[in-house]
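Engineer: Dumping the structure here so I can ask a few things about it.
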Amino acid sequence: MPAGYNFLQSLVRTYKQVKNPIGTMEESMEKFDGTYTVDLGTRRLIATQDPGFIDYVLRTNHKNYHKSPIQTEELGRFLGKGLLTVNGDYWLKQRRLIQPGFHLDKIHALYAIIKKTVDDFLASLPTGRIDVYPYMHKLAFEIVINSLFNIKVPQETRDQLSDFINEVQAFVIKDLRQPYKSWWFKLSGEVEKNLQRSGNARVIIRDIINTRKQSGQKFNDLLDMLLDARYEDTGEPMHEDQVIDEILIVLIAGHETTANALSWTLYLLANHKTEMTKLKAATQGLTVNEATTNDALAAVIKESMRLYPPAWISDRMALTDDAYNGFTYPKGIVIILFYYGLHRDARYWPEPDSFIPERFAKENDDKRKPKAFYPFGGGPRLCIGNNFAMAEMAIFLQTMIHSFEIDPTEIHPKPNPLVTLRPDRVMLEIKKA
Ligand code: HEM
443 MPAGYNFLQS LVRTYKQVKN PIGTMEESME KFDGTYTVDL GTRRLIATQD PGFIDYVLRT
503 NHKNYHKSPI QTEELGRFLG KGLLTVNGDY WLKQRRLIQP GFHLDKIHAL YAIIKKTVDD
563 FLASLPTGRI DVYPYMHKLA FEIVINSLFN IKVPQETRDQ LSDFINEVQA FVIKDLRQPY
623 KSWWFKLSGE VEKNLQRSGN ARVIIRDIIN TRKQSGQKFN DLLDMLLDAR YEDTGEPMHE
683 DQVIDEILIV LIAGHETTAN ALSWTLYLLA NHKTEMTKLK AATQGLTVNE ATTNDALAAV
743 IKESMRLYPP AWISDRMALT DDAYNGFTYP KGIVIILFYY GLHRDARYWP EPDSFIPERF
803 AKENDDKRKP KAFYPFGGGP RLCIGNNFAM AEMAIFLQTM IHSFEIDPTE IHPKPNPLVT
863 LRPDRVMLEI KKA
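Just so you know, we're using this note's numbering here: the sequence shown kicks off at 443 and counts up by one.
What follows is the structure in structure tokens.
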């Protein structure tokens, strides 16, 4: 096992970590040179920000690793069994089925929906001194729901689905942070209430699916893609409950991650005027398609996700005893992948805390250290929506910076590392351009 903390030290660390997850992990990474063990008696964990180790777990030896029960069973209780919350053969079967629907040529068909959603959203964006975070949350939700269902979904239904996601997510976080209260959440009926919410969301989605099937029409959206997909071996489509599971997963996976990335990006650009000016000059008058392939936009978004990776951490559980770089560890151990730490590690990123989009310029491709950047994870479980996410963020950013002046305020956001890396608030001055 790698060096690390004994049982008593681990208990103290865990307490500290609940209060300050990122700071505590950074301190430990510094002390143990990027990989350390936590010993909680029956549960032992390894935490790492070593790019070689992360690559080994996610890619080279991925067959020996599953996501931990927290990511699968806990989340799956409310969201069902979709790509994000399953492991093993079933995951592979679903991934093979759904992956073609997220290829670049398929995502293309959604650009017009995304652009219209962005334009409608910006038409009602308030100006003045505002916290942009809740607005980015709303926008990311509108984009994902319109891309799933390219029809007029009534506002009441949208609100119900949005409330469901927010409430279930808030509950999962509470449950994860206070596992010792699990018995109380059950007894007080909170678990039941959230299961009921999940049931209601499923009824809403089932109705939309049935209406679609009865209409016999095509809408070129993600729902069509899910309904038309056929398993290679049987030629059969998904069962209706499987379609609902995958829709719930897309709603949850594609929503807050994007909202976080966009909020941090606006904050960084507002506070780095030279970068904002350069970006405006490089993106003047671009069409939607051009925006999605524009290097300057991609570089800014990537640099923002390097500093504030929305998925700041992930985990994997070893299925058999394994070894990496001279140390061994037993089956069942959970390995915490600390992407935030790696993204700010000075061994791989010069001036790690500075916002320097040029690092991601094409001409600097050779200068960057490999395997040190994981905004969308890596290996076979790489984010299936990564092309979609990059395209929607580019389309939004291009439109936003040419429609509005965005200025900083004296209030700076604090990262709030829950399931994703949310900013507590992003206060900016917004003026029509
Ligand atoms: C900036 C936005 C996004 C970020 C940073 C992000 C990040 C990630 C990461 C890190 C993973 C891998 C998790 C792990 O290996 O433990 C993941 C998986 C996933 N993401 Fe994203 N994501 C984003 C947007 C989206 C969007 C827009 C969609 C769908 C439209 C989506 C759908 C998924 C799905 C279904 C998975 C599970 C894939 C699998 O396990 O096979 N994501 N995402």
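C-beta: ideal position from N, C-alpha, C; glycine also.
Please classify residue 706 as buried or exposed, where buried requires at least 16 neighbouring CB atoms within 10 angstroms.
Structural biologist: buried
Engineer: May I have the straight-line CA-CA distance separating residue 533 from residue 847, to the nearest angstrom?
Structural biologist: 44 Å
Engineer: Please tell me whether residue 713 and residue 850 are closer than 8 Å, where the distance is taken between their beta carbons.
Structural biologist: yes
Engineer: If we count the other Cβ atoms within 10 Å of its Cβ and call it buried at 16 or more, is residue 809 buried or exposed?
Structural biologist: exposed
Engineer: Taking contact to mean at least 3 C-beta pairs separated by less than 8 Å, is the stretch 717-732 in contact with the stretch 535-547?
Structural biologist: no
Engineer: Pick out whichever of 626, 504, 804, 515 has its Cα sitting closest to the Cα of residue 823.
Structural biologist: Each of 626, 504, 804, 515 was checked against the Cα of residue 823, and the nearest Cα belongs to 504.
Engineer: Which same chain residues end up closer than 6 Å to residue 677 when comparing Cβ atoms and leaving out the 5 residues on each side of it in sequence?
Structural biologist: none
Engineer: Quick check: does the Cβ of residue 705 come within less than 7 Å of any heavy atom belonging to ligand 1?
Structural biologist: Result no, Cβ not under 7 Å from ligand 1.
Engineer: Applying the criterion that 16 or more other CB atoms from any shown protein chain within 10 Å of the CB defines a buried residue, is residue 875 buried or exposed?
Structural biologist: Note on residue 875: under 16 other CB atoms within 10 angstroms of its CB, so exposed under the neighbour-count rule.
Engineer: Just list the beta strand (DSSP E) runs in the stretch 472-504, keeping only unbroken ones of 3 residues or longer that don't cross its boundaries, in chain order.
Structural biologist: 477-482, 485-490
Engineer: Within 10 Å of its beta-carbon, does residue 417 have 16 or more other beta-carbons around it, so buried, or fewer, so exposed?
Structural biologist: This structure does not reach residue 417, given that the chain is present from 443 up to 875, and the question cannot be answered.
Engineer: Note down, one range per segment and in chain order, each alpha helix (DSSP H) of at least 4 residues found wholly within the stretch 617-652.
Structural biologist: 624-629
Engineer: For ligand 1, is there a heavy atom less than 7 Å away from the beta-carbon of residue 868?
Structural biologist: no
Engineer: Can you give the Cα-Cα distance for residue 507 and residue 819, rounded to whole angstroms?
Structural biologist: 14 Å
Engineer: Tell me where the alpha helix (DSSP H) around residue 538 begins and ends.
Structural biologist: 530-540
Engineer: Does the separation of the CB atoms of residue 816 and residue 860 fall below 8 Å?
Structural biologist: No, the pair does not count as a contact, with Cβ atoms beyond the cut-off.
Engineer: For the pair the stretch 466-479 and the stretch 770-787, tell me if three or more CB-CB distances fall below 8 Å.
Structural biologist: yes
Engineer: Does the stretch 564-576 come close enough to the stretch 865-875 to have 3 or more Cβ pairs within less than 8 Å?
Structural biologist: yes
Engineer: Could you tell me the distance, in whole angstroms, from the CA atom of residue 523 to the CA atom of residue 536?
Structural biologist: 10 Å
Engineer: Is the beta carbon of residue 556 less than 8 Å from the beta carbon of residue 589?
Structural biologist: yes
Engineer: Examine ligand 1 and report whether any of its heavy atoms sits within less than 7 Å of the Cβ of residue 831.
Structural biologist: yes
Engineer: Is it true that the stretch 608-622 meets the stretch 729-749, where meeting means three or more beta-carbon pairs spaced less than 8 Å apart?
Structural biologist: no
Engineer: From the beta carbon of residue 775, is the nearest beta carbon of chain C less than 8 Å away?
Structural biologist: Structure shown: chain C not included; a single protein chain is present.
Engineer: For residue 574, name the three-state secondary structure that DSSP assigns.
Structural biologist: coil
Engineer: Could you tell me how far apart the beta carbons of residue 414 and residue 553 are, in whole angstroms, since I believe they sit closer than 8 Å?
Structural biologist: In the structure as shown, the chain starts at 443 and stops at 875, and residue 414 therefore has no counterpart that could be examined.
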